[in-house]
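Per the numbering used here, the sequence shown runs over residues 788 to 1197.
Heads up, the beta-carbon is just placed ideally off N, CA and C, and yes, glycines get one too.
Worksheet: one structure, shown below.
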Amino acid sequence: MSSSEGSRIRATLATAKGTAYCIMYPGLTTWAVLKSSYINILLVFVPVGIIAGALDLPPGAIFCLNFLAIVPLAALLSFATEELSEAVGAHIGGLLNATFGNAVELIVSVIALQKDQFRLVQASILGSVLVNILLVLGCCFIAGGIRRSESKYDPTVASIMSALQTLAAAALIVPAILYWTMKRSAEGDTIDILAVSRGAAIILIVLYLFYLYFQLFSHKDLFREDVGNNDSDDSDFEGDPQGAAQKESHQGGEILGSAGALTCMIVSVVCVGFCAEFLVDSIESVVEETGMTTTFIGLILLPIVSNAAEHVTAVIVSWKGKQNLAMLVDLGSGMQIALFVTPLLVLISWGMGKPFSLHFQLFETVVFFVSVLVVNFLIRGGSSNYLEGVMCLGWYLIIALAFFYYPDDQ
């Protein structure tokens, strides 16, 4: 029996078994889901945060409570996506993981777009990429370097990832350069930059679709879990690194069937929407009360909390010696934000009649491009150690310090 046939049979059995289990024992299933991650203890903040927002409590309390509530909701959404992926099979599951991998960032950004919080949106998507390629990657290098002098990974996949990241960075540079070089009226500048941004957004999404086909179908063997691992195991995740990482970090069998997983996803998305609504509404008051800038909140705080569960998963996988898988999850998440979420937000804002573009501030663009270059230099060798991880963390802390003092009105 081939690996793909075995995967389909296991998926069918898992769907039937999981759905029946959810119908017969809903209470036990809920308890099993809650026990799937220690982060779920923070779910207590979800109703508290929503109630705080509904009662119009002080903005600082609303911000903190909903900030904490988003952490377990992101973990729960990731867990439900993986459970649904298990039920529907490898290829569709890979597409699900690729689509919903950064759903929380997308939901928060769309809500911010509705409220014309363009600076917050730009800062959050840029910060999400920087968190993945610097903070999380650095932690992965350190986690892998503690147990072994060098951690190996596939340099071919790393070079593909770095090339796509560089292209995404270049796509952000073009609108910034265009803004500073055009000599037309202010209105003409805005129209031209929007046109360039929307055209570039369409091209980036098409490029991302080609990458998904490359990863999940035509060249899936390159993205196997056991390629370049220090402790190789047989794997059949068939090009879906997010799914393999979830299996690696969460021990135990499948808990939900397709119906239960889909229900869990819908509930998680709805709760994220409520919490994000109250969170975004409170940011302006928090900025006035604390002295923090909107840029710092969006670039540093929100990206860390929006995908904390996935970040922890990547570090755990790296600690277990599967550096190749950890890098696929980490760099893949950052690349998804740059090549899919960011251009998708440009197109969504176009449909909403909002003038959101790929024109980032010059300082932000330079920081992003330099960060991509630093990471490209670090990963091109096919191996990593803890010192390279410390370098990534050091550069990220420098960026965080700079943006703490960076004013919003620049």
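Using a 10 angstroms sphere on the CB of Ile828, the tally of other CB atoms stays under 16, which defines it as exposed. Nearest C-alpha to Asp941 among Ala874, Phe1010, Thr886: Phe1010.
The residues Ala862, in chain order, have a CB closer than 6 Å to that of Ser824 in the same chain once the five nearest residues on each side in sequence are set aside.
Going by C-alpha positions, Thr1081 is about 10 Å away from Val1067. Fully enclosed alpha helix (DSSP H) runs of no fewer than 4 residues occupy 1045-1077, 1089-1093, 1095-1106, 1110-1123 of the segment 1043-1128, in order along the chain. Assigned with DSSP and collapsed to three states, Ser1170 falls in strand.
For the pair Val891 and Ser1093, the CB atoms are nearer than the 7 Å cut-off. One Cα belongs to Val1159, the other to Thr953, and the distance between them is close to 6 Å. Within the same chain, Cβ atoms closer than 8 Å to the Cβ of Leu1132 are found at Leu893, Ser896, Val897, Leu900, Val908, Ile912, Phe1143, the five residues on either side in sequence being excluded. By the C-beta criterion, the segment 925-936 is judged to be in contact with the segment 1170-1179, since at least 3 inter-stretch pairs fall below 8 Å. Our two residues, Cys1058 and Gly836, have alpha carbons roughly 10 Å apart in a direct line. The C-beta separation of Cys1179 from Leu1165 comes to about 7 Å, placing the pair in contact by the 8 Å criterion. Secondary-structure assignment with DSSP links Lys939 through a beta bridge to Ser1170.
Taking one beta carbon from each stretch, the segment 1145-1161 and the segment 955-962 have 3 or more pairs nearer than 8 Å; the two touch. If you check the CB distance, Leu852 and Phe866 do not come in under 7 Å. When rounded, the separation of the alpha-carbon atoms in Phe1083 and Phe1147 is 15 Å.
With a threshold of 16 other beta carbon atoms within 10 Å, Ala841 falls short and is exposed. Exposure of Ala950 is indicated by the presence of fewer than 16 other C-beta atoms within 10 angstroms of its C-beta. Within the segment 822-885, no run of beta strand (DSSP E) reaches 3 residues while sitting entirely inside it.
As summarised for the segment 1131-1158, there are no continuous beta strand (DSSP E) elements at least 3 residues long confined to that stretch.
When secondary structure is reduced to three states using DSSP, Tyr966 falls in the helix class. Here the alpha carbon of Gly880 sits roughly 38 Å from the alpha carbon of Ile1185. Bounds of the alpha helix (DSSP H) holding Gln909 are 905-917. From the listed residues Pro1130, Lys1107, Val1177, the smallest Cα separation to Val983 is found for Pro1130.
Sequence-distant Cβ neighbours of Leu1134 in its own chain, meaning closer than 6 Å and more than five residues away, are Ala988.
Taking Lys1107 as reference, the option from Leu830, Lys939, Ala955 with the minimal CA-CA separation is Lys939. In the three-state reduction of the DSSP assignment, Asn889 falls in the coil class, being assigned neither a helical nor a strand state.
At a Cβ-Cβ threshold of 7 Å, Ser915 and Pro1194 do not count as neighbours. In the three-state scheme derived from DSSP, where H, G and I count as helix and E and B as strand, Asp1008 is classed as helix. Spanning the alpha carbons of Phe854 and Ala1101 requires a straight line of approximately 22 Å. Cβ atoms of Ala1063 and Ile857 come within 8 Å of each other, at about 7 Å. Pairing Ile1087 with Val918, the inter-Cα distance amounts to about 8 Å.
In this structure, DSSP gives Asp1195 a state outside helix and strand, which the three-state scheme calls coil. Straight-line spacing of the CA atoms in Arg985 and Met1122 works out to 19 Å. At a Cβ-Cβ threshold of 7 Å, Glu937 and Ala1048 do not count as neighbours. Rounded to the nearest angstrom, the Cβ distance from Asn889 to Ile1124 is 6 Å, consistent with a contact under 8 Å.
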